[in-house]
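Asker: Structure provided below as C-alpha cells; questions to follow.
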Amino acid sequence: MAQPIVIAVPKGRILAEAAPLLARAGIEPEAAFADEDSRALRFATSDAGIDLIRVRAFDVATFVAHGAAQLGIVGSDVLAEFDYPELYAPVDLGIGHCRLSVAEPAELAATDDPRGWSHVRVATKYPYLTQRHFEARGVQAECVKLNGAMELAPTLGLAPRIVDLVSSGRTLKENGLVEVERIMDVTSRLIVNRAAFKTRPELVPLVDAFRRAVTG
Numbered sequence: 001m002a003q004p005i006v007i008a009v010p011k012g013r014i015l016a017e018a019a020p021l022l023a024r025a026g027i028e029p030e031a032a033f034a035d036e037d038s039r040a041l042r043f044a045t046s047d048a049g050i051d052l053i054r055v056r057a058f059d060v061a062t063f064v065a066h067g068a069a070q071l072g073i074v075g076s077d078v079l080a081e082f083d084y085p086e087l088y089a090p091v092d093l094g095i096g097h098c099r100l101s102v103a104e105p106a107e108l109a110a111t112d113d114p115r116g117w118s119h120v121r122v123a124t125k126y127p128y129l130t131q132r133h134f135e136a137r138g139v140q141a142e143c144v145k146l147n148g149a150m151e152l153a154p155t156l157g158l159a160p161r162i163v164d165l166v167s168s169g170r171t172l173k174e175n176g177l178v179e180v181e182r183i184m185d186v187t188s189r190l191i192v193n194r195a196a197f198k199t200r201p202e203l204v205p206l207v208d209a210f211r212r213a214v215t216g
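The opening position of the sequence shown corresponds to residue 1 in the UniProt record's numbering, with each subsequent residue numbered one higher.
Structure (C-alpha cells):
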C-alpha cells in the first residue's frame, strides 16, 4: 500500500487563508486541525491517502525539498531565501499577500535617503535575500540573523534597520518604524518535490485540483 501524500502547511496567518483552498481542492482536515491549541502536528483528512502536517513557514520548504512531505504551501519569500533546486512551484495560490521591505525608525527616515546608502546593518531572518538585494544596488550589507521580534532590533541598538515582511504596516507603526524600501512582493505558492512529482503520478491531479481551486 502506498504511503499517504503529505502536504506541509504553515502555522499562523496563512493557515486561515489556505483552509478554503484546501476544501475547494477536496481536502477536508480532521477537526483537530482547526484547533490552534492542539499539540498535534500531523492530521488525517477526508482522503485516506492524504495527510497534513502543520509546521513553521520556513520549515515547509525544508520538509518538501527533502521529500519528507511531497507538497506544501509556502510564501514566495521563503522560496527565494532558500532557493532549493528540489522544489517546483506550479501554482500561485493568490493568498498571503504581503511584501518584504526595509524599515527603520521614523526619526532616522526623516533625514535618510536610501539612494545614498553605501553600507547598511540590518536585522533580518532573510540574510540571503537581503544580501542579494543590496549587492544589486552596490550597497554592502551586514546582516544580523534573527528569527523573530525584528522590530526590537533598532530600539535596542542591535541594528538600525530591519528587513521583514509587511502587510498592513501596523506592527511597524506600533514600534516607531517606517517602511523605506520594498524588496519584493510576496504571495503563497503550492510547492512540489520534483522527484516525487515524477515518481508519484497521483500528485498530478492533486496539483490540478489546487489550480482549479484558485481559478474557480
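C-beta: ideal position from N, C-alpha, C; glycine also.
Is the segment 58 to 69 touching the segment 191 to 201, taking contact as three or more C-beta pairs under 8 angstroms?
Answerer: yes
Asker: Can you list, in chain order, the stretches of the alpha helix (DSSP H) that have 4 or more residues and sit fully within the UniProt domain "ATP phosphoribosyltransferase catalytic" (56 to 204)?
Answerer: 57 to 65, 76 to 82, 106 to 109, 127 to 136, 152 to 155, 170 to 174 and 194 to 199
Asker: State whether the segment 1 to 12 contacts the segment 53 to 63, with contact taken as three or more CB pairs (one from each stretch) at a distance under 8 angstroms.
Answerer: yes
Asker: With Ala153 and Leu21 assumed to form a contact (beta carbons below 8 angstroms), what rounded beta-carbon distance in angstroms separates them?
Answerer: As a first step, residue 153 is located in the sequence shown; it is residue number 153 there, counting from the start. As a first step, residue 21 is located in the sequence shown; it is residue number 21 there, counting from the start. Not confirmed; about 34 angstroms, so no contact.
Asker: Pick helix, strand or coil for Leu52, following the three-state DSSP scheme.
Answerer: As a position in the sequence shown, residue 52 is number 52, starting the count at 1. If DSSP states are grouped into helix, strand and coil, Leu52 belongs with the strands.
Asker: Considering only C-alpha positions, which residue in the set Ile95, Arg54 and Glu81 is nearest to Thr215?
Answerer: Residue mapping note: residue 215 aligns to position 215 of the sequence shown, counting from 1. Selected option, being the one with the closest Cα: Ile95.
Asker: Measure the alpha-carbon distance for Asn147 versus Thr124 and round it to whole angstroms.
Answerer: Counting from 1 along the sequence shown, the entry for residue 147 is found at position 147. Counting from 1 along the sequence shown, the entry for residue 124 is found at position 124. Their Cα atoms are separated by approximately 7 angstroms.
Asker: If we ignore side chains and look at the alpha-carbon of each, how far apart do Leu71 and Cys98 end up?
Answerer: In the sequence shown, counting from the first residue as 1, residue 71 sits at position 71. In the sequence shown, counting from the first residue as 1, residue 98 sits at position 98. For Leu71 and Cys98, the distance between alpha carbons rounds to 22 angstroms.
Asker: Could you tell me whether the Cβ atoms of Val139 and Leu158 are closer together than 8 angstroms?
Answerer: Locating residue 139 in the sequence shown gives position 139, where the first residue counts as 1. Locating residue 158 in the sequence shown gives position 158, where the first residue counts as 1. No, the Cβ-Cβ distance between Val139 and Leu158 is not below 8 angstroms.
Asker: Going by other Cβ atoms of all chains shown within 10 Å of its Cβ, with 16 needed for buried, is Ser46 buried or exposed?
Answerer: Start at 1 with the first residue of the sequence shown, and residue 46 comes out as number 46. Ser46 comes out exposed.
Asker: Hey, quick one: how far does the alpha helix (DSSP H) through Ile14 stretch, first residue to last?
Answerer: In the sequence shown, residue 14 corresponds to position 14, counting from 1. Note, Ile14: alpha helix (DSSP H), Arg13 to Arg24.
Asker: Taking Cβ to Cβ, would you say Val186 is nearer than 8 angstroms to Leu100?
Answerer: Along the sequence shown, one-based indexing puts residue 186 at 186. Along the sequence shown, one-based indexing puts residue 100 at 100. Yes. Within cutoff.
Asker: What are the boundary residues of the beta strand (DSSP E) that Ile5 is part of?
Answerer: Taking the first residue of the sequence shown as 1, we reach residue 5 at position 5. Note, Ile5: beta strand (DSSP E), Ile5 to Pro10.
Asker: What is the rounded straight-line gap between the Cα of Phe63 and the Cα of Val204?
Answerer: The count along the sequence shown starts at 1 and reaches residue 63 at position 63. The count along the sequence shown starts at 1 and reaches residue 204 at position 204. Approximately 19 angstroms, taken between the alpha carbons.
Asker: Is there a Cβ of chain C sitting closer than 8 angstroms to that of Val60, yes or no?
Answerer: The structure shown contains no chain C, having only a single protein chain.
Asker: Provide the residue(s) that pair with residue 288 in DSSP beta bridges, ordered along the chain.
Answerer: The structure shown does not extend to residue 288, since the chain is modelled only from 1 to 216, so the question has no answer here.
Asker: What does the Cβ neighbour count give for Ser188, buried or exposed, with the cut at 16 atoms within 10 Å?
Answerer: Sequence index remark: in the sequence shown, residue 188 carries index 188 (1-based). Its Cβ being crowded by 16 or more others within 10 Å, Ser188 is buried.
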